[in-house]
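Input: a single structure, listed below in structure tokens.
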Amino acid sequence: MANDMLSRISQMMPDFSKGQKLIGRFILDHYDKAAFMTASKLGKTVGVSESTVVRFASEIGFDGYPQLQRSLQEMIRNRLTAVQRMEITSEQIGPSDLLSKVLNLDIEKIKRTLEETDINSFNQAVESILGAKRIYIIGIRSASALAGFLSYYFSQIFEDVRYINTSSTSEAFEQMRTIGREDVLIGITFPRYSKRAVSAARFAKDSGAKVVAITDSISSPIAAYSDSLLLARSDMASFVDSLVAPLSLINALIVAIGLKRQDEITKIYSELEQIWDEYDVYEKAKEPGR
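Heads up, the sequence shown is in the numbering used here, so the first residue is 33 and it goes up one at a time.
The following block contains the structure:
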């Protein structure tokens, strides 16, 4: 844990070299900034070489500097205010070639999601959803966009999908009052974690329902109530949350469900296409050359 790391640095300070003390003191005093600095940037900031920073990470028990950095990021992700996010992003990304940098950061998040998501948990989540009598979905604040997207497609696939979309904790419980052992709750939350989403997961768990949690870390508060834990990287991009990797994970979940119920879903969408045509739902694209 990152808090343990800070305690370890404090305890080891008397035995550090002069350069290591400079690094250690900066991390203790400014861990929110250090968490988003490269080894080179941290070294320049405190006046030591990049190699000294890398050796410091090994000295305090990490395989390398990236592991130290990730440990700090895990600790602070749920603590940063929007203003602090803006300040850190300005230092981390800068104004030049912004489009390329942001897109590449999102690509990296998808890669890390692929590495960190457990395929057994994913398959377990699919089976829990397929076997559920009722499916409840909750995502608060920025995660509501993900919950709404998932609810839109699941409502076309399943007969009883309930999107918990309210700003009141008591109303959320009221909408979930009949949840039981045959049901599943899909709870989506990312830093800064929503108390309502976590409370809903606890309520569902206490009611005997299965809980599928879509979040960013095993240390996320919703993880404690999950039967299936699906991890997606959602590091910040300025004052906004990057939801690219979580959305990609949700896409995979929808596709996996679709393949499991392919014949039934083919029939559903054939019927929907007839309805869409009859009621002129979609604008028809013009043929090329016309």
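From the three backbone atoms N, C-alpha and C, an ideal C-beta is built for every residue, glycine too.
> By Cβ distance below 7 Å, which residues in the same chain neighbour S183 in space, the five residues on each side in sequence not counted?
Replying inline: Numbered from its first residue, the sequence shown carries residue 183 at position 151. Correct list, in chain order: I169, V193 and Y195.
> Do A175 and I220 come within 7 Å of each other at the CB atom, strictly closer than that value?
Replying inline: Sequence index remark: in the sequence shown, residue 220 carries index 188 (1-based). Sequence index remark: in the sequence shown, residue 175 carries index 143 (1-based). Yes, Cβ-Cβ distance for I220 and A175 is below 7 Å.
>> Quick check on the DSSP output: the beta strand (DSSP E) that includes V216 runs from which residue to which?
In response: As a first step, residue 216 is located in the sequence shown; it is residue number 184 there, counting from the start. That run of the beta strand (DSSP E) goes V216 to I220.
> Looking at I250 and the ligand HEM, is the gap between the Cβ and the nearest heavy atom below 6 Å?
Replying inline: Of ligands this structure carries none, so the ligand HEM is not represented either.
>> Please classify Q101 as buried or exposed, where buried requires at least 16 other C-beta atoms within 10 Å of its C-beta.
In response: Here residue 101 corresponds to residue number 69 of the sequence shown, with the count starting at 1. Classification for Q101: buried.
> Name the DSSP bridge partner or partners of V243?
Replying inline: Stepping through the sequence shown from its first residue, residue 243 is reached at position 211. Beta-bridge pairing links V243 to L217.
>> Going by the DSSP bridge assignment, what does Y195 pair with across the sheet?
In response: As a working note, residue 195 is residue 163 in the sequence shown. In the DSSP output, where bridge partners are listed per residue, Y195 has I169.
> Residues in its own chain within less than 6 Å of G290 by CB, not counting five upstream and five downstream?
Replying inline: Counting from 1 along the sequence shown, the entry for residue 290 is found at position 258. Around G290: I297.
> Start and end of the beta strand (DSSP E) containing S260?
Replying inline: For the purposes of this step, residue 260 is identified with residue 228 of the sequence shown, where counting begins at 1. Segment S260 to L263, the beta strand (DSSP E) holding S260.
>> I need the straight-line Cα distance from K242 to S81, nearest angstrom please.
In response: Stepping through the sequence shown from its first residue, residue 242 is reached at position 210. Stepping through the sequence shown from its first residue, residue 81 is reached at position 49. Each residue's Cα considered, the two are about 51 Å apart.
>> One question on the structure: do A276 and D129 come within less than 7 Å of each other, judged by their Cβ atoms?
In response: Residue numbering aside, residue 276 sits at position 244 when the sequence shown is read from its first letter. Residue numbering aside, residue 129 sits at position 97 when the sequence shown is read from its first letter. Reading off the sequence, residue 276 comes out as Val, not Ala. Going by C-beta atoms, V276 is not nearer than 7 Å to D129.
>> Quick check: the Cα distance between D295 and E303, rounded to an integer number of angstroms?
In response: As a first step, residue 295 must be located in the sequence shown, where it is residue number 263. As a first step, residue 303 must be located in the sequence shown, where it is residue number 271. Straight-line Cα distance between these residues: approximately 13 Å.
> Is DSSP giving I92 helix, strand or coil here?
Replying inline: Working through the sequence shown from its first residue, we reach residue 92 at position 60. It is coil, neither helix nor strand.
> Between K73 and R173, what straight-line distance do the alpha-carbon atoms span, to the nearest angstrom?
Replying inline: The residue labelled residue 73 in the question sits at position 41 within the sequence shown. The residue labelled residue 173 in the question sits at position 141 within the sequence shown. Approximately 34 Å, taken between the alpha carbons.
>> Using beta carbons (cut-off 7 Å, strictly below), is S249 in contact with chain D?
In response: Of the protein chains in the structure, only one exists, and it is not chain D.
> Which of helix, strand or coil does DSSP assign to K133?
Replying inline: Sequence index remark: in the sequence shown, residue 133 carries index 101 (1-based). In this structure, K133 counts as helix in the three-state DSSP scheme.
>> By the three-class DSSP mapping on this structure, what secondary structure does A232 have?
In response: Counted from its first residue, the sequence shown places residue 232 at position 200. Three-state result, A232: helix.
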